[in-house]
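Residue 7 is where the sequence shown starts when you use the numbering used here, and the numbers rise one by one after that.
Structure record follows, encoded as structure tokens.
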Amino acid sequence: MKKILAFIIAFSFLVFPLKVKAISTSAKAAILINGDTGEVIYSQNANERLPMASTTKIMTALLLCEHGELDREITVSAEMLKVEGSSMGLLAGDRVTLRGLLYGMMLPSGNDAANVTAYTLGKTVDGFVKMMNDKALQLGLKNTHFETPSGLDGDEHYTSAADLATLARVAMQNKDFYEAASSPSVVLEYGNPPYRRSLSNHNRLLKTFEGAVGVKTGFTKKSGRCLVSAAKRDGKYVIAVTLSSPDDWADHKALLEYGFNQTKVLEMVPNRKSFSIPVINSNEFFEAYIEPLRVGVSGEEKITAEIFLPKFLYAPIKKGEQIGKVVYKMNGNALLEAPIVSNRNINRANQKSSFLNSVLKNAGYIFLNLWEK
Numbered sequence: 007m008k009k010i011l012a013f014i015i016a017f018s019f020l021v022f023p024l025k026v027k028a029i030s031t032s033a034k035a036a037i038l039i040n041g042d043t044g045e046v047i048y049s050q051n052a053n054e055r056l057p058m059a060s061t062t063k064i065m066t067a068l069l070l071c072e073h074g075e076l077d078r079e080i081t082v083s084a085e086m087l088k089v090e091g092s093s094m095g096l097l098a099g100d101r102v103t104l105r106g107l108l109y110g111m112m113l114p115s116g117n118d119a120a121n122v123t124a125y126t127l128g129k130t131v132d133g134f135v136k137m138m139n140d141k142a143l144q145l146g147l148k149n150t151h152f153e154t155p156s157g158l159d160g161d162e163h164y165t166s167a168a169d170l171a172t173l174a175r176v177a178m179q180n181k182d183f184y185e186a187a188s189s190p191s192v193v194l195e196y197g198n199p200p201y202r203r204s205l206s207n208h209n210r211l212l213k214t215f216e217g218a219v220g221v222k223t224g225f226t227k228k229s230g231r232c233l234v235s236a237a238k239r240d241g242k243y244v245i246a247v248t249l250s251s252p253d254d255w256a257d258h259k260a261l262l263e264y265g266f267n268q269t270k271v272l273e274m275v276p277n278r279k280s281f282s283i284p285v286i287n288s289n290e291f292f293e294a295y296i297e298p299l300r301v302g303v304s305g306e307e308k309i310t311a312e313i314f315l316p317k318f319l320y321a322p323i324k325k326g327e328q329i330g331k332v333v334y335k336m337n338g339n340a341l342l343e344a345p346i347v348s349n350r351n352i353n354r355a356n357q358k359s360s361f362l363n364s365v366l367k368n369a370g371y372i373f374l375n376l377w378e379k
């Protein structure tokens, strides 16, 4: 097992939010968080358990994305389509890819797409709902319980604004989910035989709010209007949630703007930006460079960078090969992880003499590492 060096570089910043007008919403519950750090910027009854309608599909879509194989094609059965409400237009016998189901859920909010996903991944709706609740438990969503994959009402189908924001933040870190949630429209091929169709996203903020990148709408008579939104602008990233909000579009525009005003982008440059690592079978050293971190913060933050690198490497090393990683933490909690990769090829020495020179050159360094073991 390779010996690993761990360096810890700490940054401490005190950020004073800009003075802006106080905010309120028409919702029963709302929350606004920093999308980069998860920090709460605004909260209103954020832990109250409420129905969430089709924002449920954030969980369904996330599980689909994590399953992978999104270009796999399946055939829809009549049993899969036993669900009412909004639809992407699937019929029994249709052929559709899992990616098509993802976009069918996230754009026109197809309950049919959610149900087909449930049968495909969980074999039954109940089997998939168990997967949803297991994932909620894994993510620490203490005020969330699912009964349906689509968001149709149920006695024990609920979440909180805070849980929904956490779920959305996790989901938006998935590339496939992000691409679907941020798409105003898409052209897909499905049917029997498949043919081209256009789907439009119900999230009007994607067209009316600068920087909007998602996430999901929802409505039933029981839940009222529910909305999860996300936006990025000038290096800042914020996520808003409202549950039972009569004026949700206006609420979210105000929340997102408030979030941008309360966030400051910082570039953190470590005191030590490069590390030289001996390379066995080569006359060269590997130079690892740590890129500055740009992150939006909204309060008093202590950010640490924990750098993991091997004490020595073996040639050959390919350009783009991961050598180590940097783990950033905020106030002791994991923030993000970034790989350290090689920016060039390092070839193996061709001659035995070069190999010997390499060993001798690094003998003292290697001896110290062996002694530490």
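For every residue, glycine included, the Cβ atom is placed at its ideal position computed from N, Cα and C.
Nearest C-alpha to Leu108 among Lys63, Lys136, Gln179 and Thr81: Lys63. Nearest C-alpha to Gln144 among Ala120, Gly160, His163 and Asp169: Asp169.
Secondary structure note for Leu261: its alpha helix (DSSP H) is the uninterrupted segment Asp254 to Asn267. Contact between the stretch 175-189 and the stretch 148-162 is absent: fewer than three C-beta pairs spanning the two stretches fall below 8 Å. Excluding the 5 residues flanking it on each side, Ala98 has same chain C-beta neighbours closer than 7 Å at Val82, Ser83, Ala84 and Leu87, in chain order. Three or more Cβ pairs closer than 8 Å define a contact, and the stretch 39-54 meets that threshold against the stretch 255-268. With a cut-off of 8 Å on Cβ pairs, the stretch 223-240 is not in contact with the stretch 125-139, counting fewer than three such pairs.
In this structure, the CA atom of Gly106 is about 18 Å from the CA atom of Gly91. According to the DSSP secondary-structure assignment, Cys232 is paired through a beta bridge with Gly224. Lys88 carries a coil assignment under DSSP once its states are collapsed to helix, strand and coil.
A residue is called buried when at least 16 other Cβ atoms come within 10 angstroms of its Cβ; Asp132 does not meet this threshold and is exposed. Of the candidates Ser166, Glu75, Lys238 and Leu147, Ser166 places its Cα closest to the Cα of Leu56.
Taking C-alpha positions only, Cys71 is separated from Ile309 by approximately 30 Å. Non-local C-beta neighbours of Ser188 in its own chain, meaning closer than 6 Å and more than five positions away in sequence, comprise Val219 and Gly220, ordered along the chain. Distance from the Cα of Glu327 is smallest, within the candidate group Tyr334, Ile352 and Lys335, for Ile352. The continuous alpha helix (DSSP H) containing Phe183 extends over residues Lys181 to Ala187. One alpha carbon belongs to Ser204, the other to Asn337, and they sit about 45 Å apart. Secondary-structure assignment with DSSP links Gly302 through a beta bridge to Val271. Its Cα nearest to that of Val301, the residue Lys270 stands out among Ala311, Glu312 and Lys270.
Taking Ala120 as the centre and dropping the five residues before and after it, the same chain places the C-beta of Lys63, Thr66, Met111, Pro155 and Ser156 closer than 7 Å to its C-beta, in chain order. In the DSSP assignment, Gly197 forms a beta bridge with Arg101 and Pro200. In the DSSP assignment, Leu342 falls within the unbroken beta strand (DSSP E) covering Asn339 to Val347. Boundaries for Leu96: no beta strand (DSSP E) harbours it, and the DSSP string shows neither H nor E there.
As DSSP reads the structure, Met336 sits in a beta bridge with Ile309 and Asn339. DSSP places Leu127 inside the alpha helix (DSSP H), whose first and last residues are Asn117 to Gly128.
When secondary structure is reduced to three states using DSSP, Ala59 falls in the helix class.
Shown here for Asp42: same chain residues with a beta carbon closer than 7 Å to its own, the five before and five after excluded, namely Tyr243, Val301 and Gly302 in chain order. Exclusion of the five residues before and after Val89 leaves Asn117, Asp118, Ala120, Asn121, Ser156 and Leu158 as the residues of its chain whose Cβ lies within less than 8 Å of its Cβ.
In the three-state reduction of the DSSP assignment, Phe291 falls in the strand class, which pools E and B. A straight-line Cα-Cα distance of about 8 Å links Leu147 and Thr172. Within the same chain, and ignoring the five residues on either side of Glu343 in sequence, the residues whose Cβ sits closer than 8 Å to its Cβ are Lys331, Val332, Val333 and Tyr334. Under a 10 Å Cβ-count criterion, Asn207 is classified as buried, with 16 or more other Cβ atoms of the shown protein chains found around its own Cβ. In chain order, Arg101 and Thr103 place their CB closer than 6 Å to the CB of Glu79, counting only its own chain and leaving out the 5 sequence neighbours on each side.
In the three-state reduction of the DSSP assignment, Glu216 falls in the coil class, being assigned neither a helical nor a strand state. DSSP places Leu38 in the strand class (E or B) of the three-state scheme. Here the alpha carbons of Leu194 and His258 stand approximately 29 Å from one another.
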